[in-house]
Amino acid sequence: MGDGPTWSILIPTISERHDLFCRLLGVLLPQLDAHGGRVRVVGWWNNGVPSLPEIRQALVRDAGTDYVSFVDDDDLVVDDYVATVVEALASRPDHVGFRVAYHVDGVLQEEVDHSLRHRRWRRDRIRGLVRDFTHLDPVRRELALRGDFTRARRGHPEDRMWVGQVRRHLRSEVYVGRVLYHYLYSPAGSAWQRAGRLQATRPRPVVDHPYFAWHPECDRG
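See the structure below:
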């Protein structure tokens with residue numbers, strides 16, 4: 001596996017996002033090969049049960065690596081995302097910050113800066129939208145477990161609940177001052193918010209890669 005910290009990239013997904021999920025893996029999985037198993041992707045495929053907060057919590061709990069972060073299945077990362085984060089993790093910070101390109105229906109709106117120096121989520125008059133950190137950012141797993149996604153009330157954002165619990169535990173950071181992640185939003189809304197009405201339109205994708213695994217508790221379809 002080699003020296004250096006280990007990192008799990010966690011991806012919850014659902015049947016109707018099949019094509020988007022495969023698009024993401026097409027960009028992400030080839031980036032793992034150079035790191036000899038230090039970086040892996042863990043997916044969770046289901047159709048609304050258990051809930052997304054429960055899935056996120058289980059993925060972090062069971063990751064078993066030094067660092068964890070999420071990638072949403074309808075988003076994309078840049079071609080050197082993994083290599084850049086691995087380099088940043090070498091000094092073992094609590095958090096890796098970077099810029100996120102925010103798109104709406106394929107149109108770039110702005111770049112969002114993720115760095116602990118911002119201390120919270122807000123809109124800065126000069127910098128625009130800023131975040132101290134989100135579930136998309138690599139953090140030490142032991143610190144990520146200080147939060148619990150399942151404490152979010154139904155219909156409320158589990159990622160924001162988790163950030164509020166973990167925030168005070170993050171102290172050190174390596175900051176990458178460029179875009180590593182493309183957040184691809186559609187006003188049509190999140191399919192996860194319709195969890196009780198999701199339908200299995202396709203079986204779970206077959207993913208053949210040595211550094212990818214499905215979480216053992218997720219559905220096969």
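Taking the UniProt record's numbering, the leading residue of the sequence shown gets 1, the next gets one more, and so forth.
Even glycine gets a Cβ: it sits at the ideal position worked out from N, Cα and C.
All of these numbers come straight from a predicted model, not from anything done at the bench.
By a C-beta neighbour count over all protein chains shown, 10 Å radius and 16 as the cutoff for buried, is residue i buried or exposed?
{"i": "residue 213", "result": "exposed"}
{"i": "residue 173", "result": "buried"}
{"i": "residue 69", "result": "buried"}
{"i": "residue 39", "result": "buried"}
{"i": "residue 22", "result": "exposed"}
{"i": "residue 107", "result": "exposed"}
{"i": "residue 3", "result": "exposed"}
Is the beta carbon of residue i sitting closer than 8 Å to the one on residue j?
{"i": "residue 100", "j": "residue 114", "result": "yes"}
{"i": "residue 103", "j": "residue 211", "result": "no"}
{"i": "residue 245", "j": "residue 27", "result": "Only positions 1 to 221 of the chain appear in the structure, and residue 245 is not among them; the question remains open."}
{"i": "residue 143", "j": "residue 71", "result": "no"}
{"i": "residue 116", "j": "residue 105", "result": "no"}
{"i": "residue 6", "j": "residue 65", "result": "yes"}
{"i": "residue 10", "j": "residue 63", "result": "yes"}
{"i": "residue 168", "j": "residue 67", "result": "no"}
{"i": "residue 149", "j": "residue 53", "result": "yes"}
{"i": "residue 59", "j": "residue 41", "result": "no"}
{"i": "residue 170", "j": "residue 74", "result": "no"}
Which of the three DSSP states is assigned to residue i in this structure?
{"i": "residue 102", "result": "strand"}
{"i": "residue 113", "result": "strand"}
{"i": "residue 13", "result": "strand"}
{"i": "residue 35", "result": "helix"}
{"i": "residue 212", "result": "strand"}
{"i": "residue 43", "result": "strand"}
{"i": "residue 70", "result": "strand"}
Might you give, ordered along the chain, the residues of its own chain that have their beta carbon closer than 8 Å to the beta carbon of residue i, omitting 5 neighbours on each side?
{"i": "residue 179", "result": "78, 98, 99, 100, 101, 111"}
What residues in its chain sit with their C-beta under 7 Å from that of residue i, if we drop five residues either side in the sequence?
{"i": "residue 216", "result": "none"}
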